[in-house]
Amino acid sequence: MSTVTLVGTRLAEPGTEFVYHGEADACAGCPYRSQCLNLESGTKYRITSVRENAQTLECAMHDGGVRAVEVEPADVRANITSKGAFAGSKTSLPGPCPYVECPSHEYCEPDGAEFDTEYRIREILGDPPHDVCHLDRALELVELDTDD
1 MSTVTLVGTR
11 LAEPGTEFVY
21 HGEADACAGC
31 PYRSQCLNLE
41 SGTKYRITSV
51 RENAQTLECA
61 MHDGGVRAVE
71 VEPADVRANI
81 TSKGAFAGSK
91 TSLPGPCPYV
101 ECPSHEYCEP
111 DGAEFDTEYR
121 IREILGDPPH
131 DVCHLDRALE
141 LVELDTDD
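Taking full-length UniProt numbering, the leading residue of the sequence shown gets 1, the next gets one more, and so forth.
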């Protein structure tokens, strides 16, 4: 189900994904607060469409203003411990990883998912993109259901 919200004009493209972090200090007193602050904090969203003929509104946070878009919660892909991982089971992220240059880092610390939280595995996607885990973790790339 899509939701109409406001995002910065530079982000207002179908397919753009972002994690909503809630209200910023500059949002205080804004007349568009109810249209802008209507998403769930910590959730990853994908822009599905940009509202046609919608005007660009001034914004204290976005120098180019904001535009009306439709968004839906986005899938979260993550690396999890492979032992016992199957579609439908519950899991949590194995923990932070300091190896930011690793091709799997974005999946070990994915946007839109928190450590110490259990998620249901929606789908097993296969092997992670790295050749070797520098933390010696046996990992599986999955799609998590963050709606639970």
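We put the CB at the ideal spot given by N, CA and C, even for glycine.
With a CB to CB cut of under 8 angstroms and the five nearest residues on each side skipped, what residues in its chain are close to L39?
-> Taking the first residue of the sequence shown as position 1, residue 39 is located at position 39. Sequence-distant partners of L39 (beyond 5 residues in either direction) whose C-beta falls short of 8 angstroms from its own C-beta, in its chain, are T3, T5, Y20, Y45 and V71.
Does the distance from the CB of S49 to the CB of P73 come in under 8 angstroms?
-> The residue labelled residue 49 in the question sits at position 49 within the sequence shown. The residue labelled residue 73 in the question sits at position 73 within the sequence shown. The answer is no: Cβ separation not under 8 angstroms.
If you drop the 5 nearest sequence neighbours on each side, which residues of the same chain put their C-beta closer than 6 angstroms to that of C36?
-> Looking up residue 36 in the sequence shown gives position 36. Excluding residues within five positions, the ones whose Cβ falls inside 6 angstroms are L6.
Scan the region 17-94 and note each continuous beta strand (DSSP E) run of 3 residues or more that stays entirely inside, going in chain order.
-> Counting only runs of 3 or more, we get 17-19, 44-50, 66-73 and 76-81.
Can you tell me which of the three DSSP states E101 falls into?
-> Here residue 101 refers to the residue found at position 101 of the sequence shown. DSSP places E101 in coil when its eight states are reduced to three.
Could you pull the start and end residues of the beta strand (DSSP E) that L144 belongs to?
-> Residue numbering aside, residue 144 sits at position 144 when the sequence shown is read from its first letter. Its beta strand (DSSP E) spans residues L139 to D145.
Just mark Y99 as buried or exposed, buried being the case when its beta carbon has 16 or more other beta carbons within 10 Å.
-> The count along the sequence shown starts at 1 and reaches residue 99 at position 99. Exposed, because fewer than 16 other Cβ atoms sit within 10 Å of the Cβ of Y99.
If we count Cβ pairs, one from each stretch, closer than 8 angstroms, do we get three or more for the region 55-72 versus the region 125-136?
-> Look at the beta carbons and you see the region 55-72 not touching the region 125-136: under three pairs across the two are nearer than 8 angstroms.
Identify whether E106 lies in helix, strand or coil by the three-state DSSP scheme.
-> For the purposes of this step, residue 106 is identified with residue 106 of the sequence shown, where counting begins at 1. Here E106 sits in helix by DSSP.
Where the beta strand (DSSP E) through G8 begins and ends | Taking the first residue of the sequence shown as position 1, residue 8 is located at position 8. Where G8 is concerned, the enclosing beta strand (DSSP E) stretches over T3 to G8.
Express the C-alpha separation of I47 and C97 in angstroms, rounding to a whole number.
-> Here residue 97 is taken as the residue at index 97 of the sequence shown, counted from 1. Here residue 47 is taken as the residue at index 47 of the sequence shown, counted from 1. So the two alpha carbons sit approximately 29 angstroms from each other.
CA-CA distance, Q55 and L11?
-> Residue numbering aside, residue 55 sits at position 55 when the sequence shown is read from its first letter. Residue numbering aside, residue 11 sits at position 11 when the sequence shown is read from its first letter. About 15 angstroms.
Excluding the 5 residues preceding and the 5 following E23 in the sequence, name in chain order all residues of the same chain whose CB lies nearer than 6 angstroms to its CB.
-> Here residue 23 refers to the residue found at position 23 of the sequence shown. Once the five neighbours on either side are set aside, the close Cβ partners of E23 are L37.
What does DSSP give as the partner residues of G126 in its beta bridges?
-> On the sequence shown, residue 126 is found 126 positions in, with the first residue counted as 1. Residue pairing by DSSP puts G126 in a beta bridge opposite L141.
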